[in-house]
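Structure first, commentary second.
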Ligand code: GUN
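Numbering (the working numbering), first residue to last: 1 to 296.
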């Protein structure tokens, strides 16, 4: 049976390190601050936003939030972003996506001061990641890399197959896995293949991966025949499927865990794998941003 890559444990280790860093910054009069903007009432987004606020409190990070109705106009939303851009107590601004229909996501992302863009969604920051000179690293891809590094999984020269090409996960993760180094930090230096809905022979391509990363948002999409014996399997998916329980649903990944786990050398579970890492790396970026602002 595969080694389970415990993202919850890694997330807690990262948060432990951050508690110390926040305390040191506060002692110098620099408390890190994160602003969270939520528009509308998407249930999953509400859960994520609540969890981000609670984690800030736990680490001693100042948290401000704007919970806005779905009827908010583009101009009103941009005004909220402008207010946090100008707020010296705030070092990170996160606008929870997706936005309700009718609002222009790209314009909102572009409005966030790149020096406070702790999601790393602004084109300036996305470009910096691609050329290996990042200001921030995007939270979910960085969480994946932290799990891989902290479990001492060899990446150099390995064939990494990323299934999914989203702007939030697939594309930046592919860039990060191929990068040799980030300034003085080691990159992963892997050989990367990115697959998507038009990829021919998808099962064969996946089965050639030393490290298979699923980020497509389709429940149980990766089946055992798509996994090489001994591969490392990272499941970024969080999918709600109907279930006969109190909630009426349960969360499953993009990987058919029960079938794949016996074949893999190590695997992330869902929940408790990549999920908890996203918040940890968001807090990491907020603390980093506070340090960068304090230096100015
Ligand atoms: N929606 C899903 N994931 C994310 C994320 O990491 N950040 C933001 N802002 N919205 C999201």
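Built from N, CA and C at the ideal position, the CB exists for glycine as well. Model, not experiment: these values are computed from the prediction.
Close-in-space but distant-in-sequence residues of the same chain around residue i (CB under 6 Å, 5 per side omitted)
i           : result
residue 99  : 39, 105
residue 114 : 122, 124, 125
residue 117 : 125
Cβ-based neighbour list, residue i, same chain, cut-off 8 Å, excluding 5 preceding and 5 following
i           : result
residue 207 : 225, 226, 227, 228
residue 128 : 134, 135
residue 81  : 37, 93, 95, 108, 111, 112
Three-state secondary structure assigned by DSSP to residue i
i           : result
residue 3   : strand
residue 195 : strand
residue 285 : helix
residue 228 : coil
residue 142 : helix
residue 151 : coil
residue 263 : coil
residue 291 : helix
residue 279 : helix
residue 258 : helix
residue 133 : coil
residue 202 : helix
residue 222 : strand
residue 118 : coil
residue 208 : coil
residue 307 : Residue 307 falls outside the range modelled here, since the chain spans only 1 to 296, and no answer is possible.
residue 28  : coil
residue 12  : helix
residue 107 : helix
residue 126 : helix
residue 102 : coil
residue 85  : helix
residue 157 : coil
residue 76  : helix
Under 7 Å between C-beta atoms of residue i and residue j
i           : j           : result
residue 37  : residue 143 : no
residue 31  : residue 62  : yes
residue 22  : residue 59  : yes
residue 7   : residue 147 : yes
residue 196 : residue 165 : yes
residue 304 : residue 219 : Lying before the first or after the last residue shown, residue 304 is absent from the chain, which here runs from 1 to 296.
residue 109 : residue 35  : no
residue 281 : residue 139 : yes
residue 249 : residue 242 : yes
residue 268 : residue 91  : no
residue 78  : residue 283 : no
residue 223 : residue 256 : yes
residue 160 : residue 177 : yes
Bridge partners - residue i, DSSP secondary structure assignment
i           : result
residue 56  : Answer by DSSP bridge pairing: none, since residue 56 is not bridged.
residue 240 : 251
residue 95  : 37
residue 51  : According to DSSP, residue 51 bridges with nothing at all.
residue 62  : 33
residue 182 : 185
residue 316 : Lying outside 1 to 296, the shown extent of the chain, residue 316 is not represented and no answer is given.
residue 270 : Answer by DSSP bridge pairing: none, since residue 270 is not bridged.
residue 235 : 214
residue 162 : 194, 213
For residue j and residue i, believed in contact at Cβ under 8 Å, the rounded distance
i           : j           : result
residue 188 : residue 145 : 7 Å
residue 233 : residue 260 : 6 Å
residue 309 : residue 158 : Residue numbering for the chain in the displayed model covers 1 to 296; residue 309 lies beyond these limits and cannot be assessed.
residue 3   : residue 266 : 4 Å
residue 288 : residue 10  : Actually they do not touch by this definition, with Cβ atoms about 18 Å apart.
Residues of its chain near residue i, where Cβ-Cβ distance is below 7 Å and the 5 sequence neighbours each way are ignored
i           : result
residue 182 : 132, 134
residue 209 : 159, 160, 161, 228, 231
Residue i: CB within 6 Å of a non-hydrogen atom of ligand 2
i           : result
residue 254 : No copy of ligand 2 occurs in the structure displayed; its ligands are ligand 1 alone.
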